Amino acid sequence: MYAVIKTGGKQYRVSEGSRLRVEKLAGNVGDKLELNEVLMIGGEQVSVGAPLVKGAKVTAEIMAQGRDKKVIIFKIRRRKRYRRHAGHRQPFTELLVKSVTA
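Note that this note's numbering has the sequence shown beginning at 2, numbered continuously upward.
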């Protein structure tokens, strides 16, 4: 059985035992989370929500909290002496999906 969930403004397809990186969620390593924004449940019988599937939830455990690789932003306009340099490290939460319940 799999589910399509929404968290952090993005949608992810998850199933039991899958690991995924999502936008940073509050909590410590080892905490359990319930993701209630389930858009679709799939498997033998598919149920699609309008917009959410009623009573469906995904239980996950936080495996890691961290920051991604640095992304360099460099803007330049040739012949105009314009240069801008910045960097950004996006925080993330790594989840291990424990169960998908309809």
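For each residue, glycine too, the CB sits at the ideal point set by N, CA and C.
Only a predicted model underlies this, so the values are computations on that prediction, with no experimental measurement involved.
Asked                                                                                                                                                                       : Found
Is it buried or exposed for I6, if we count other Cβ within 10 angstroms and need 16 for buried?                                                                            : buried
Can you name the start and end residues of the beta strand (DSSP E) that R80 belongs to?                                                                                    : R80 -> no beta strand (DSSP E), and no H or E assigned at all.
Can you name the residues that DSSP bridges to E35?                                                                                                                         : T60
Is R90 helix, strand or coil when you go by DSSP?                                                                                                                           : coil
Leaving aside the five residues before and after K76 along the sequence, list all residues of the same chain whose C-beta is less than 6 Å from its C-beta, in chain order. : R85
Does the Cβ of F51 have 16 or more other Cβ atoms within 10 Å, making it buried, or fewer, making it exposed?                                                               : Per the sequence presented here, residue 51 reads as Ala, with Phe not at that position. Label assigned to A51: exposed.
Roughly how many whole angstroms lie between the Cα atoms of V72 and F93?                                                                                                   : 14 Å
Compute the Euclidean distance between the alpha carbons of L34 and A61, then round it to the nearest angstrom.                                                             : 5 Å
Which value, in whole angstroms, describes the spacing of the CA atoms of E24 and T8?                                                                                       : 7 Å
Between which two residues does the beta strand (DSSP E) holding Q12 run?                                                                                                   : K11 to S16
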